[in-house]
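As structure tokens, the structure follows; a few thoughts come after it.
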Amino acid sequence: MSNNLFFSNPQVVLQEVPDELSLAISISGCNLGCSGCHSSETWDKSYGSELTDTILRNLLTKHKHISCLLIYDGMHNVDRLTELLVIAKSFNLKTAMYTGLNVLELELVNLLDYYKLGKYDKQLGGLSSTTTNQRLYKVIQPNAIHQYNFQSKQWNIVHT
Ligand code: SF4
Numbered sequence: 011m012s013n014n015l016f017f018s019n020p021q022v023v024l025q026e027v028p029d030e031l032s033l034a035i036s037i038s039g040c041n042l043g044c045s046g047c048h049s050s051e052t053w054d055k056s057y058g059s060e061l062t063d064t065i066l067r068n069l070l071t072k073h074k075h076i077s078c079l080l081i082y083d084g085m086h087n088v089d090r091l092t093e094l095l096v097i098a099k100s101f102n103l104k105t106a107m108y109t110g111l112n113v114l115e116l117e118l119v120n121l122l123d124y125y126k127l128g129k130y131d132k133q134l135g136g137l138s139s140t141t142t143n144q145r146l147y148k149v150i151q152p153n154a155i156h157q158y159n160f161q162s163k164q165w166n167i168v169h170t
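All the letters of the sequence shown, read from the start, carry residue numbers 11 to 170 under the working numbering.
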């Protein structure tokens, strides 16, 4: 059986990762069930198309102007996510991930420049809300972490 993840809706986005022009792709199979999720159709693991190495390479080749690959979800298959991030790095791209989880495996953090944690809660609002439970981090390898403040539009050191 294929180890590939399925994806949908590749699009270039400006605001999701500050200071980066990102190609965002939504990986199918999220099982967190956030109330108010705007993409519940992607909860089905086989929604969309199979994301083979070749398809990812073609997408990254086609979008030469981007600076970052942003992946939404896919945490049910960390091994495959790791392979996809390695491909993005081979294109000299920054890498970012949005997940509803509250922690990420170190093997993923080691391949990421940015990551967002926390389930979506429509009462608290998304990342830019003053009441949000979600956090966006920037990884300064090897081990410093900065957190983005959407009100001041600045990165603040949270761990060195
Ligand atoms: S983590 Fe994202 S995709 Fe998954 S249920 Fe929550 S909002 Fe939807």
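Here a beta-carbon is modelled for each residue, glycine too, at the ideal position from N, C-alpha and C.
Helix, strand or coil, according to DSSP, for residue i in the structure here?
{"i": "L24", "result": "coil"}
{"i": "S238", "result": "There is no way to answer for residue 238, as the model of the chain reaches only from 11 to 170."}
{"i": "L15", "result": "coil"}
{"i": "K86", "result": "Just to set this straight, residue 86 is His in the shown sequence, not Lys. H86: helix per DSSP, three-state reduction."}
{"i": "I76", "result": "coil"}
{"i": "S59", "result": "strand"}
{"i": "S36", "result": "strand"}
{"i": "V113", "result": "coil"}
{"i": "L146", "result": "strand"}
{"i": "L95", "result": "helix"}
{"i": "N159", "result": "strand"}
{"i": "L121", "result": "coil"}
{"i": "N166", "result": "strand"}
{"i": "L31", "result": "coil"}
{"i": "L42", "result": "coil"}
{"i": "L127", "result": "strand"}
Here's the rule I'm using: 16 or more other beta-carbon atoms within 10 Å means buried, otherwise exposed. How should residue i be labelled?
{"i": "A34", "result": "buried"}
{"i": "T52", "result": "buried"}
{"i": "T64", "result": "exposed"}
{"i": "T105", "result": "buried"}
{"i": "M11", "result": "Confidence at M11 is low in this model, with a pLDDT of 46, below 50, so its placement is unreliable and no value can be given for it."}
{"i": "I81", "result": "buried"}
{"i": "A154", "result": "exposed"}
{"i": "S162", "result": "exposed"}
{"i": "L91", "result": "buried"}
Residue i to residue j, Cα distance in whole Å?
{"i": "C44", "j": "Q25", "result": "22 Å"}
{"i": "S77", "j": "L103", "result": "5 Å"}
{"i": "G39", "j": "D83", "result": "8 Å"}
{"i": "V27", "j": "L95", "result": "16 Å"}
{"i": "L69", "j": "E93", "result": "15 Å"}
{"i": "Y158", "j": "T62", "result": "32 Å"}
{"i": "L137", "j": "D29", "result": "16 Å"}
{"i": "G58", "j": "L127", "result": "24 Å"}
{"i": "S56", "j": "F16", "result": "6 Å"}
{"i": "Q21", "j": "D54", "result": "20 Å"}
Pairs of beta-carbons, one from the stretch 142 to 151 and one from the stretch 110 to 128, closer than 8 Å: are there three or more?
yes
Closer than 5 Å: residues whose CB approaches a heavy atom of the ligand SF4:
C40, L42, C44, C47, G110, Y130
Cβ contact check for the stretch 129 to 138 and the stretch 38 to 58: 3 or more pairs under 8 Å
yes
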